[in-house]
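To keep things clear, I will list the structure first and then write my remarks on it.
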Amino acid sequence: MKVNNWHMKIVDSAMRLDSMETDGAVPSMLDEMDRFGIACAVVAPADAAVAVHNVAGNLQMVDLVTRYRGRLFGLAVANPWFGRDAVHAIEGAFARGLCGLFLHPRRQGFRLTESIVQPLLETCRRHRKPVYSSTGTPVCAEPFQLAELARQFPEIPFVMGHAGYSDFWYDVVPALKQASNLMLETSCQVAGVIDGAINVVGAERVLYGSGWPRSSPAVEIQKIERMNLGAAALRRVMRENAMKLWGIRP
Amino acid sequence: MNLIDAHTHLPGRSFGGKPRPIADLRREFANAGLCGAWIFTTDGLVMEAEKNNNILAEAVRGDRDFFEPFGTVNPHAGEDAAIRELERMRFELGMRGLKLHPWLQGFSLTHPSVKPILQRAGEMGLPVLFHDGTPPYSHPLQIAAVAEQVPSTMVILGHAGLDEAYEDAILACRRHPNLFLCLCGPSCGPLAEIVRRCPVDRLLFGSDGGFGSRVIETAIAKFHAAGLSQKTLQTIGCENPRRLVPKQPRRTDPPAQTHQHET
Ligand SMILES: [Zn+2]
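Those sequence lines, one after another, are chains A and B.
Using our numbering, the first residue of the first sequence is number 1, and each one after it goes up by one.
Using our numbering, the first residue of the second sequence is number 251, and each one after it goes up by one.
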């Protein structure tokens with residue numbers, strides 16, 4: 001399969017640990033990155049860390065970021081139901097260098113529009129950290145729900161993870177239009193929706209994601225490649241937007 | 251590989267689309283790597299089922315060596331009218347299966363017409379492919395609950411639950427021997443898990459080809475990225491769809507059967 005033959009080092013905004021067993025997941029993640037020319041990736045913790053073992057998950061991420069400096073960057077997690085402890089968890093994680101907050105409403109058991117998430121967002125505002133949320137789950141993680149948060153917190157950049165995949169594709173562009181601080185992450189969603197969003201809101205609001213291990217760079221890079229974006233737009237989507245948003249350098 | 255796509259659509263005017271000549275569509279599908287496709291109406295799922303069954307049958311009339319058309323009926327038309335249309339599309343139009351889309355067609359699986367429609371489809375040898383993976387009308391276990399009541403009808407979850415409900419689809423497939431999963435939609439992680447946990451002889455390849463651009467090549471890329479063996483691909487992509495919808499001897503003629511022949 002011929003992917004990424006344009007000699008550009010990709011910055012990937014959507015990889016996740018497969019499990020809390022670091023060594024089980026990281027080598028295959030790094031292999032995938034090598035195979036497809038991904039210079040560095042923003043990585044979110046595994047499900048168990050996202051749902052309950054927040055502190056351990058953040059420590060694991062800090063450890064990885066330290067060991068693979070410039071290669072892996074990490075997102076902090078805290079289940080908003082842990083209240084004040086959740087705020088402390090992400091403050092600690094930000095202090096140790098994690099570059100944003102990862103929300104997963106389906107795993108964490110809350111709707112994006114519920115007030116329990118607000119203290120975490122206020123913390124992100126104080127620390128100037130972007131918020132990535134998985135989207136596409138009915139009732140709890142819909143594009144318009146994330147757009148509502150983006151309107152409430154215009155200072156925070158929000159990332160619409162997996163672009164509302166699957167069947168919220170029709171809400172993606174209208175939601176992006178509601179808030180200029182809302183960005184789109186490309187994994188899982190079909191090419192036509194990503195294409196359409198780039199046409200309407202511009203390539204500067206779109207971030208490449210592999211969605212690994214749910215999806216794969218083999219699928220996701222080819223998907224973007226075949227859109228025939230111009231060179232400048234391709235550079236933005238595959239690399240520059242992410243570096244700027246997360247404040248990272250490979 | 252001889253890849254048959256068990257989930258494609260004839261582009262229509264709905265969803266901002268526009269009709270395309272069937273020769274174009276066939277060329278696109280073949281170039282993407284298909285040797286055949288089950289094809290459904292798009293417009294008929296949101297309006298005028300009968301008229302759109304006619305349009306679909308007419309469109310593929312000269313290309314029956316490649317396309318296997320699936321018609322649709324609307325359960326809201328009532329049991330009698332829906333079954334009349336089901337028989338018409340089978341015997342007059344030569345449809346090879348029934349496509350239902352509870353979300354777009356706006357019916358619950360508990361609608362009283364649904365079970366008789368499925369029952370009759372089974373009697374006529376038509377597999378029934380459902381859109382699935384989206385609440386509140388199209389979740390895997392809702393469809394499985396009806397499939398359980400019509401054990402001799404082959405029921406296909408057209409999206410294997412999508413990424414949000416693929417685990418439900420796996421459970422449904424393992425429980426009901428008449429329930430198949432079409433792997434159109436799940437990302438490659440879920441896809442690998444479905445193949446690992448389900449009987450491989452009840453899985454199908456699908457892409458939503460004809461609806462959206464470059465979807466077939468993405469679907470094929472997902473299959474490869476999921477690390478499936480060549481043998482598995484052959485079973486899913488070719489043998490299974492051929493078993494459900496066997497090749498007809500002379501594809502240009504609709505079957506000349508009458509009602510007496512098949513009861
Ligand atoms: Zn479809």
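Just so you know, even glycine gets a beta-carbon here, dropped at the ideal spot from N, CA and C.
- Every unbroken stretch of the alpha helix (DSSP H) spanning 4 or more residues and falling wholly within the region 18 to 98 of chain A is given here in chain order: 22 to 35, 47 to 51, 54 to 67 and 84 to 95.
- Membership of A410/B in any beta strand (DSSP E) is not indicated, and neither H nor E is assigned to it by DSSP.
- With a cutoff of 9 Å on beta-carbon distance, G411/B and D382/B are scored as near each other.
- Shown in chain order are the members of the region 162 to 182 of chain A whose Cβ falls below 7 Å from a Cβ of chain B: Y165, S166 and D167.
- Listed as beta-bridge partners of D12/A by DSSP are A41/A.
- In summary, the residues of the region 396 to 413 of chain B whose CB is separated from some CB of chain A by less than 9 Å are H409, L412 and D413, in the order they occur in the chain.
- Nearest neighbour of I333/B by Cα position, chosen from V323/B, E278/B and F341/B, turns out to be V323/B.
- Against chain B, a Cβ distance below 9 Å from P138/A picks out T384, P385, P386 and E414.
- Within the same chain, and ignoring the five residues on either side of P250/A in sequence, the residues whose Cβ sits closer than 7 Å to its Cβ are K9, V11, A39, C40 and G70.
- Under the 9 Å criterion on CB atoms, E467/B is classed as interfacial with respect to chain A.
- A contact between stretches requires three or more CB pairs, one per stretch, nearer than 8 Å, and the region 190 to 209 of chain A meets this requirement with the region 232 to 241 of chain A.
- At a threshold of 8 Å, H257/B counts as near ligand 1, since its beta carbon sits closer than that to one of the ligand's heavy atoms.
- At least one heavy atom of ligand 1 sits closer than 8 Å to the Cβ of H381/B.
- Under the DSSP assignment, E185/A falls outside any alpha helix (DSSP H), being part of the beta strand (DSSP E) whose first and last residues are L182 to E185.
- Below 8 Å, enough C-beta pairs join the region 42 to 59 of chain A and the region 90 to 99 of chain A to call them touching: three or more.
- Non-local C-beta neighbours of P491/B in its own chain, meaning closer than 6 Å and more than five positions away in sequence, comprise I254, A256 and L454, ordered along the chain.
- Shown here, K349/B sits in a strand according to DSSP, grouped into three states.
- Distances from the CA of T384/B to each of G328/B, L336/B and L359/B were compared; the closest alpha carbon is that of L359/B.
- As the crow flies, the alpha-carbon of R493/B is around 14 Å from that of A287/B.
- Around the Cβ of Y170/A, a 10 Å sphere holds fewer than 16 other Cβ atoms; the residue is exposed.
- Collapsing the DSSP output to three states places C285/B in a strand.
- Between L350/B and F380/B, the beta carbon gap of about 5 Å places them in contact (Cβ cut-off 8 Å).
- Taking a beta-carbon distance threshold of 9 Å, R263/B does not count as an interface residue toward chain A.
- Contact with chain A is found for S463/B, since one of that chain's Cβ atoms lies less than 9 Å from the residue's Cβ.
- In this structure, the beta-carbon distance from L149/A to V173/A does not fall below 9 Å.
- For G192/A, the Cβ stays outside the 8 Å cut-off from all heavy atoms of ligand 1.
- In chain order, S215, S216 and V219 make up the part of chain A whose C-beta sits under 7 Å from the C-beta of C438/B.
- L101/A is bridged by DSSP to A76/A and V131/A.
- Here the region 217 to 225 of chain A makes no contact with the region 387 to 403 of chain B; the two share fewer than three CB pairs at distances below 8 Å.
- Look at D458/B: its C-beta is under 9 Å from a C-beta on chain A.
- Here A299/B is buried, its C-beta having at least 16 other C-beta atoms within 10 Å.
- Between the alpha carbons of C432/B and R452/B lies a distance of about 9 Å.
- Against Q145/A, chain B offers no close residue; the least beta-carbon distance is about 15 Å (beta-carbon pairs closer than 9 Å).
- Rounded to whole angstroms, the Cβ separation of T292/B and D458/B is 10 Å, and the two are not in contact under 8 Å.
- When C-beta atoms of the region 188 to 197 of chain A are compared with those of the region 456 to 470 of chain B, three or more pairs fall below 8 Å, so the two segments count as touching.
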